[in-house]
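Numbering (our numbering), first residue to last: 24 to 654.
Backbone N, C-alpha and C fix where the C-beta goes; we use that ideal spot for every residue, glycine too.
Worksheet: the structure to be examined is printed underneath.
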Amino acid sequence: MSDVIQLLPDAIANQIAAGEVVQRPASVVKELLENAIDASSDHICVVIKDAGKTLIQVRDNGVGMSETDARMSFERHATSKIRRSEDIYAIHTLGFRGEALASIAAVAQVEMETRTREQEFGTCLSVEGSVFKDSEPIATEIGTSISVKNLFFNVPARRTFLKSNSVEMRHIIDEFFRVALARPDISFEFFQNDTLTYDLAKGKLSRRIAELFGDSYRKQILSCQEETPTLKIYGYVGAPEHAKRTRGEQFFFINKRFIKNSYLNHAVMSAYEAMLPEGSFPFYALFIEIDPADIDVNVHPTKTEIKLADERTVYAIVRAAVKRALGTNLVTPSLDEQENEENHFSVLSRISRGEDRSLRHSASEQSSPQRAFKQNSALKKADTSQWENLYSQPQDQSYFNFDDSPADHPHTESPEEEENALTFQSAANRMPSGGSLFHDSTHGTSEQPFQVHQSYIVIQVKSGMMIIDQQAAHERILYEHYALALERRSGVSQQSLFPQTLVLNPADIALVQELQDEISALGFDFTIFGQNTVVINGVPTDIKGGNEKEIFEGLIEQYKSYQSDLSSNKRESVARSIARRMSVKKGQKLNPAEMSTLIDRLFGCLHSDYAPDGRKTYTILDLDQITDFFK
Ligand code: ADP
Ligand code: MG
Numbered sequence: 024m025s026d027v028i029q030l031l032p033d034a035i036a037n038q039i040a041a042g043e044v045v046q047r048p049a050s051v052v053k054e055l056l057e058n059a060i061d062a063s064s065d066h067i068c069v070v071i072k073d074a075g076k077t078l079i080q081v082r083d084n085g086v087g088m089s090e091t092d093a094r095m096s097f098e099r100h101a102t103s104k105i106r107r108s109e110d111i112y113a114i115h116t117l118g119f120r121g122e123a124l125a126s127i128a129a130v131a132q133v134e135m136e137t138r139t140r141e142q143e144f145g146t147c148l149s150v151e152g153s154v155f156k157d158s159e160p161i162a163t164e165i166g167t168s169i170s171v172k173n174l175f176f177n178v179p180a181r182r183t184f185l186k187s188n189s190v191e192m193r194h195i196i197d198e199f200f201r202v203a204l205a206r207p208d209i210s211f212e213f214f215q216n217d218t219l220t221y222d223l224a225k226g227k228l229s230r231r232i233a234e235l236f237g238d239s240y241r242k243q244i245l246s247c248q249e250e251t252p253t254l255k256i257y258g259y260v261g262a263p264e265h266a267k268r269t270r271g272e273q274f275f276f277i278n279k280r281f282i283k284n285s286y287l288n289h290a291v292m293s294a295y296e297a298m299l300p301e302g303s304f305p306f307y308a309l310f311i312e313i314d315p316a317d318i319d320v321n322v323h324p325t326k327t328e329i330k331l332a333d334e335r336t337v338y339a340i341v342r343a344a345v346k347r348a349l350g351t352n353l354v355t356p357s358l359d360e361q362e363n364e365e366n367h368f369s370v371l372s373r374i375s376r377g378e379d380r381s382l383r384h385s386a387s388e389q390s391s392p393q394r395a396f397k398q399n400s401a402l403k404k405a406d407t408s409q410w411e412n413l414y415s416q417p418q419d420q421s422y423f424n425f426d427d428s429p430a431d432h433p434h435t436e437s438p439e440e441e442e443n444a445l446t447f448q449s450a451a452n453r454m455p456s457g458g459s460l461f462h463d464s465t466h467g468t469s470e471q472p473f474q475v476h477q478s479y480i481v482i483q484v485k486s487g488m489m490i491i492d493q494q495a496a497h498e499r500i501l502y503e504h505y506a507l508a509l510e511r512r513s514g515v516s517q518q519s520l521f522p523q524t525l526v527l528n529p530a531d532i533a534l535v536q537e538l539q540d541e542i543s544a545l546g547f548d549f550t551i552f553g554q555n556t557v558v559i560n561g562v563p564t565d566i567k568g569g570n571e572k573e574i575f576e577g578l579i580e581q582y583k584s585y586q587s588d589l590s591s592n593k594r595e596s597v598a599r600s601i602a603r604r605m606s607v608k609k610g611q612k613l614n615p616a617e618m619s620t621l622i623d624r625l626f627g628c629l630h631s632d633y634a635p636d637g638r639k640t641y642t643i644l645d646l647d648q649i650t651d652f653f654k
């Protein structure tokens, strides 16, 4: 047999490589922005048309390229950023693989205009599907402008794979935000279909945060700073009471490169400890400066993954830094600064020497911020109770809103208690199966449902005992309720006395836009203003006013987490999201009336056996099984 192995032609090799680097328009935006930054620009302009599907243009005022370099830049593995293998361990630039431009040019029509300071005329180049088309001198500013047109024009399969414009735009904005946050020392303009949507001046990080997320953030963020011999941390963390139901506003940068690292994220979250209500996420934008030799950015071509040489130490320092930020800023500063600094330093230097055994009691616990905490514990308590109040509302009766559930609290010896028992009995009798699962209601108290670990409801039935998962059951009930409302568009809205203003990031706004129909059909009455504001005028009648914001945000967050589940359609995901968000959770105490209404409602459902995601809602332990236990 003759030899069969051949080298792939460049164009094909590039196209294959492009699969890794260029997944969607947002990847192009990221690569071009990184190149512009690496070129020492201090002003960058981005133009996006049709969510990047027709045009992505990035213009910078950086160093530019000579004619030869301009041509070379489109070759694979062509880079000016590293020369020797050792350079990989001393990377100070965002790029270094020399893959991006070659990959982009393999799957799009690319035009480049560039000029260096030394040149009188610049170069205009065009490349289409890895093929050079044109090159001519051009009068142009110093710097580089790259236009990427008709992405995936020659890979129809990928083009059809792209999501709706709002989804792609959200990814683009996410990338833009990461870069814009990382570099407040660079001014940015961002045009979306001819509209200037972000016009960011050079300035401090705090100002950049306010420009991106809204002015209110100025008052919601706390400065976080820490320096040890091996690394430096700075940035801002959100005050816990402003934590959101969405995870989207959490950013880590290592040497000004955005990274994702769940371990470090955990360090931050654990610093907040009990300050955060469950299911809420604080804002943070934290920068770590560390010797490039201690990190390995070579893990993945898209480079959001990063390996740290000594993750545990960094974890400890991050946690201590955030704790300190929260501790010293939330309470009135009554510290002996000097003592604080000394203690703090000694702990941190121990940490940085890797002696992290004592880290469980992190720096801030040992140093005087803790004293400040103690002194101000009353203040802190007041604060916490506020958060608790805010978030305890979902447990509130209104979230049950079962017509026949009287509003009261468990274990109050009120006449209502008796009434509740009655409600339950009637509930049992109204089971779809004619109540046959249950004993006669005349059996009285033995059929009182009761709660186990505030998570399960147990009730005696004819054949033994039934255990109901309260959350799964409630999700099923709410899901069917909202699915119906969506189908019939019958969600009724109740106007709020005071419209609530909700500030979201543009990515979430794009999502709200996409789901506008569905959310309205549920009964939300809202208007989108500008790039980041939703005004909620009314909510579904079964949602009690007062925490419209949490519900709305929670709905969006939940939807995002279901989005990856491709099998479900938009409407179903929305119904599932709101059901999950509004359901009673494990750990919530229910009174007898609530329990019986829950049971009643569950068995009035079309599919009472399973929660929308397939979890079982209840199980029955037969008397025989129980007897067996004792044999
Ligand atoms: P990398 O950034 O990994 O080096 P790229 O394919 O992104 O690889 O870019 C290749 C080379 O083209 C870069 O190393 C740089 O020399 C040059 N280049 C790309 N974009 C710009 C720009 N905006 N300004 C100046 N030079 C650029
Ligand atoms: Mg690059």
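query	result
For ligand 2, is there any heavy atom lying closer than 8 Å to the beta carbon of Asn-58?	yes
Measure the alpha-carbon distance for Asn-84 versus Arg-241 and round it to whole angstroms.	30 Å
Following a CB-centred definition, is Met-605 positioned closer than 8 Å to any heavy atom of ligand 1?	no
By the 10 Å Cβ neighbour count, where 16 or more other Cβ atoms means buried, how is Ile-39 classified, buried or exposed?	exposed
Of all the options Arg-140, Glu-57 and Ala-125, which has the alpha carbon lying nearest to the alpha carbon of Val-150?	Ala-125
Pop quiz: Ile-127 and Glu-54 are said to be a contact at Cβ under 8 Å. What is the actual Cβ separation, rounded to whole angstroms?	7 Å
Among the candidates Arg-499, Leu-501, Ile-622 and Arg-604, whose CA atom is the shortest distance from the CA of Ile-574?	Arg-604
Just to check my reading of the structure: Ala-131 and Asn-173 have Cβ atoms closer than 8 Å, yes? What is that Cβ distance to the nearest angstrom?	6 Å
By alpha-carbon positions, which one of Arg-82, Thr-253, Val-607 and Ser-584 ends up nearest to Ser-600?	Ser-584
Alpha carbons only, please: which of Lys-267, Ala-266 and Arg-335 is nearest the one belonging to Ser-285?	Arg-335
Is the closest heavy atom of ligand 1 to the C-beta of Asp-33 under 8 Å?	no
Run through DSSP, which three-state label would Glu-580 get?	helix
What three-state label does DSSP hand Glu-164 in the structure shown?	coil
What's the gap between the Cα of Lys-346 and the Cα of Glu-136?	48 Å
Can you tell me whether Phe-547 is buried or exposed, with buried defined as 16 or more other CB within 10 angstroms of its CB?	buried
Does any heavy atom of ligand 1 sit closer than 8 Å to the C-beta of Phe-199?	no
Is the separation between the beta-carbon of Leu-309 and that of Phe-199 shorter than 9 Å?	no
Counting C-beta neighbours from all protein chains within 10 Å, is the total for Ser-303 16 or more, i.e. buried, or is it exposed?	buried
Along the chain, which unbroken stretches of the alpha helix (DSSP H) at least 4 residues long are found entirely within the region 237-268?	240-243
Alpha carbon to alpha carbon, what distance is there between Phe-274 and Lys-283?	8 Å
Roughly how many angstroms lie between the CA atoms of Arg-106 and Asp-61, to the nearest whole one?	16 Å
What I want to know is whether the C-beta of Ala-125 ends up closer than 8 Å to one or more non-hydrogen atoms of ligand 1.	yes
In this structure, how does DSSP classify Gly-350 when only helix, strand and coil are distinguished?	helix
May I have the straight-line CA-CA distance separating Leu-13 from Ile-196, to the nearest angstrom?	Any question about residue 13 goes unanswered here, given that the chain covers just 24 to 654.
In terms of residues, what are the limits of the beta strand (DSSP E) holding Tyr-286?	First-last for Tyr-286: 285-295, but that is the alpha helix (DSSP H), not the beta strand (DSSP E).
What is the DSSP secondary structure of Pro-563, reduced to helix, strand or coil?	strand
Select from Thr-269, Ala-101 and Asn-555 the residue whose C-alpha is nearest the C-alpha of Phe-306.	Thr-269
Return the CA-CA distance between Asn-363 and Ile-340, expressed in angstroms with no decimal places.	Unreliable placement is indicated for Asn-363, whose pLDDT of 38 sits below 50; no coordinate value is reported for it.
Just to confirm before moving on: does the CB-CB distance between Tyr-505 and Ala-634 stay below 9 Å?	no
In this structure, how does DSSP classify Ile-169 when only helix, strand and coil are distinguished?	strand
Given a cut-off of 9 Å on the beta-carbon distance, is the pair Ile-643 and Ser-519 in contact?	no
Less than 8 Å between the CB atoms is what I'm expecting for Ala-93 and Thr-163, so what's the real figure, rounded?	About 12 Å separates the two Cβ atoms, so there is no contact after all.
Look at the Cβ atom of Val-562, then the Cβ atom of Gln-494, and state whether they are nearer than 9 Å.	no
In whole angstroms, give me the CA-to-CA distance for Ser-63 and His-115.	12 Å
Taking 8 Å as the cut-off, is the C-beta of Thr-43 nearer than that to any heavy atom in ligand 2?	Thr is not the amino acid found at residue 43; the sequence shown has Glu there. False, no ligand heavy atom lies under 8 Å from that Cβ.
Do Glu-510 and Arg-638 come within 9 Å of each other at the CB atom, strictly closer than that value?	no
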